[in-house]
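Asks:
Number of protein chains: 2
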Amino acid sequence: MNADATENLLLQAMGAERASALLPHFEPCDLGLGMPLETPGEPIEYAYFPERGVVSVIVLAREGGEQVEGGLIGREGLTGQTVVLGGDRSPHLTRVQIPGHARRIRADRLREVIERDHDLQSWLLRFAQLMSIQTAHAALAYARLRLEEKLARWLLMCHDRIESDELSLTHEFLSVMLGVRRAGVTVATHTLEGEGLIRARRGRIEIIDRRGLRRVAGAGYGTPETEYERLIGLPMSREDRS
Amino acid sequence: MNADATENLLLQAMGAERASALLPHFEPCDLGLGMPLETPGEPIEYAYFPERGVVSVIVLAREGGEQVEGGLIGREGLTGQTVVLGGDRSPHLTRVQIPGHARRIRADRLREVIERDHDLQSWLLRFAQLMSIQTAHAALAYARLRLEEKLARWLLMCHDRIESDELSLTHEFLSVMLGVRRAGVTVATHTLEGEGLIRARRGRIEIIDRRGLRRVAGAGYGTPETEYERLIGLPMSREDRS
DNA sequence: AAGATTTGGTGCGTTTTCGAACGGTTTACA
DNA sequence: TGTAAACCGTTCGAAAACGCACCAAATCTT
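Top line first, the protein sequences correspond to chains V and X. Once you know that position 44 of the first sequence is 44 in UniProt numbering, the rest is easy, because the numbers rise by one and skip nothing. Once you know that position 156 of the second sequence is 156 in UniProt numbering, the rest is easy, because the numbers rise by one and skip nothing.
Here it is, written out as structure tokens:
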């Protein structure tokens, strides 16, 4: 197994030499829909480097069951920020939103490797910085964007992290991610569809016009993606690729 | 200058030995109201360990001037997460919201010290983890709390970081922090005052009943504070102190 | 002391989103 | 193939927050 063999962009970007400290510890792993990768308050077992599929970090209220999405992770990064930062558990829930597969490494192994290889550590910290920026902009989005804009933002972010133009997800699901009403998602979806930006079928949304979605999302989309390119050296946003 | 001489809680909590690597590089520094400690997109010059006063990290939209507060930092921590994570600049704005004073260290010095002393680095990373949790819960607050609840949450967080029970701030200021209308703050303030939780005078809010504010803030307050205690070993929330 | 400025209080109508509910359609599976 | 479940579309009134605008009171300036 070598670095070129993985489809994880972060591993590619750090180069074969840096990645080589991790490779022996990887095991391939399916990411099944809904699978919890980290459970709030419990020790983190593995860090996952997705190669396909999308995972999200879900912020939970202590009580009352309120929740919103704090960030998305796909093949551009890894889960387990907490471990990279030296912790062993986090108050958030991390779960698979779009199925795929990953390479994973045991948390204790990752700690050992990081401890020995500070060059590698600093690469992983760079991604932790990106997640922090992403979460900060999620806060901005929740505070200032309208439902329709939040939806456009989420679709763009998700689109960046998958291959196809089609997302398998329900309105119910989106409503939880965006922290809004299910019926609200239905309406916003219609608006976007009416403008020809997406096409929605039952349990499925197809991205038709990224530019248009960016126009709708406005300033809600872009900063974390720009920072990714600056820090990692690979374009994050789809239209910036080849 | 030794660690006991500082009023910064993080420096106290890490112990004199760990802090000793930083102390020679510190210079005292006033934190004047409105002073920018980090400017978006520009190299960070100093990391600040506040001893009095409160600083906030402000998340900016690329255009349109929208902004919200991503997190608060007082004497329980330090600014310059980005530097601790190995970066040199961030897209956020960090500025003084409540005047006070701090010890500061040049960013490049901090980088050197961290590079040499990994035990110290891991302490500082621990606080980076806390800021990340705080921002995540800010996102939750913006998404799910009502104005009045957001206000209660903000007052509690600020109260934790100062000595007195009195805050010098205007409705206008709060409206920007919370990402809401100025008139909305006025109304919410009246509600809280009507319940006897605070007392508001021109440009000034006095905290009367913390318990009551916690009841209003509900699940919007608490998680980052609990985590602080778990990770740093000192109580963050006021009512948990002696 | 007079005037300018900042800050707070209030009252519109409007927009956005909510909560709850119902019914129809598609899909899954027994 | 039929029945149950999941999903979507739509409706209703209500709540929350908005933008805007105006005035009063407190404070600062000179």
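Here a beta-carbon is modelled for each residue, glycine too, at the ideal position from N, C-alpha and C.
Taking contact to mean at least 3 C-beta pairs separated by less than 8 Å, is the segment 145-153 of chain V in contact with the segment 176-193 of chain V?
Replies: Contact between the segment 145-153 of chain V and the segment 176-193 of chain V is present, because at least three Cβ pairs lie under 8 Å.
Asks: Roughly how many whole angstroms lie between the Cα atoms of Glu195/V and Val216/V?
Replies: Straight-line Cα distance between these residues: approximately 10 Å.
Asks: With Ile208/X and Arg199/X assumed to form a contact (beta carbons below 8 Å), what rounded beta-carbon distance in angstroms separates them?
Replies: Confirmed, Cβ separation roughly 6 Å.
Asks: Quick check on this structure: which residue in Met14/X, Gly32/X, Gly212/X, Arg144/X has the alpha carbon closest to the alpha carbon of Arg156/X?
Replies: First, the amino acid is wrong: residue 156/X is Leu here, not Arg. Among Met14/X, Gly32/X, Gly212/X, Arg144/X, the Cα nearest to that of Leu156/X is on Gly212/X.
Asks: With a Cβ-Cβ cutoff of 9 Å, do Gly70/V and Val57/V count as a contact?
Replies: Cβ atoms of Gly70/V and Val57/V: closer than 9 Å.
Asks: Once the 5 residues before and after Gly32/X are set aside, which same chain residues still bring their CB inside 8 Å of it?
Replies: Result list for Gly32/X: Val96, Pro99, in chain order.
Asks: So, using beta-carbon positions, are Gly222/X and Leu145/X closer together than 9 Å?
Replies: Contact: no.
Asks: Beta-carbon within less than 8 Å of Glu7/V's beta-carbon, same chain only, minus the 5 sequence neighbours each way: which residues are those?
Replies: Closer than 8 Å at Cβ, skipping near neighbours: Glu51, Arg52, Arg75.
Asks: I need the DSSP call for Pro50/V, collapsed to helix, strand or coil.
Replies: It is a strand residue.
Asks: Where Asp240/V and Leu192/X are concerned, what is the direct C-alpha to C-alpha distance, given to the nearest angstrom?
Replies: Approximately 49 Å, taken between the alpha carbons.
Asks: Along chain X, which residues have their Cβ under 8 Å away from the Cβ of Val59/V?
Replies: In chain order: Ala136, His137, Ala139, Leu140.
Asks: From the DSSP output, which residues share a beta bridge with Cys29/V?
Replies: Partner(s): Ala102/V.
Asks: Return the residues of the segment 88-100 of chain V that lie within a Cβ-Cβ distance of less than 8 Å from chain X, sorted by chain order.
Replies: Answer in chain order: Ser90, Pro91, His92.
Asks: Which residues does DSSP list as the beta-bridge partners of Ser56/V?
Replies: Beta-bridge pairing links Ser56/V to Leu72/V, Arg95/V.
Asks: Terminal residues of the continuous alpha helix (DSSP H) containing Arg111/X?
Replies: Its alpha helix (DSSP H) spans residues 107-116.
Asks: For the alpha helix (DSSP H) that Arg211/X lies in, which residues bound it at each end?
Replies: Start and end: 210-217.
Asks: For Leu9/X, I'd like the list of residues in its chain whose CB is within less than 7 Å of its CB, leaving aside the five on either flank, ordered along the chain.
Replies: Arg75, Glu76, Leu234.
Asks: May I ask you to report which of helix, strand or coil DSSP gives Glu206/X?
Replies: Glu206/X falls in the strand class under three-state DSSP.
Asks: Which residues share a DSSP beta bridge with Pro40/V?
Replies: DSSP lists no partner for Pro40/V.
Asks: Whose C-alpha, out of Asp160/V, Leu147/V, His25/V, is nearest the C-alpha of Glu112/V?
Replies: That would be His25/V, whose Cα lies nearest to the Cα of Glu112/V.
Asks: Name the chain V residues that come within less than 8 Å of Val68/X, Cβ to Cβ?
Replies: Simply Ala139, Leu140, Ala143, Arg144.
Asks: Please name the residue in His171/X, Arg126/X, Arg62/X, Asp119/X whose C-alpha comes closest to that of Ser90/V.
Replies: Considering only alpha carbons, the answer is Arg126/X.
Asks: If we ignore side chains and look at the alpha-carbon of each, how far apart do His118/X and Ile114/V end up?
Replies: So the two alpha carbons sit approximately 11 Å from each other.
Asks: Could you compute how far the alpha carbon of Gly226/X sits from the alpha carbon of Ile232/X?
Replies: Rather than Gly, the amino acid found at residue 226/X in this sequence is Thr. The straight-line gap from Cα to Cα measures roughly 10 Å.
Asks: From Arg214/V to Val83/X, what distance separates their C-alpha atoms?
Replies: Going from the Cα of Arg214/V to the Cα of Val83/X covers about 31 Å.
Asks: From the beta carbon of Leu85/V, is the nearest beta carbon of chain X less than 9 Å away?
Replies: Chain X contact via Cβ: present.
Asks: DSSP three-state label for Ala3/V, please.
Replies: Residue confidence is low: Ala3/V scores 44 on pLDDT, short of 50, so the model does not pin down where it sits. No coordinate-derived value is stated.
Asks: With a 10 Å radius around its C-beta and 16 neighbouring C-beta atoms as the bar for buried, classify His190/V as buried or exposed.
Replies: Answer is exposed; the Cβ neighbour count stays below 16.
Asks: In chain V, which residues lie with their C-beta within 8 Å of the C-beta of Arg126/X?
Replies: Those are Leu85, Gly86, Gly87, listed as they occur along chain V.
Asks: Look up Leu167/X in the DSSP assignment and give the residues it is bridged to.
Replies: Ile205/X, per the DSSP bridge assignment.
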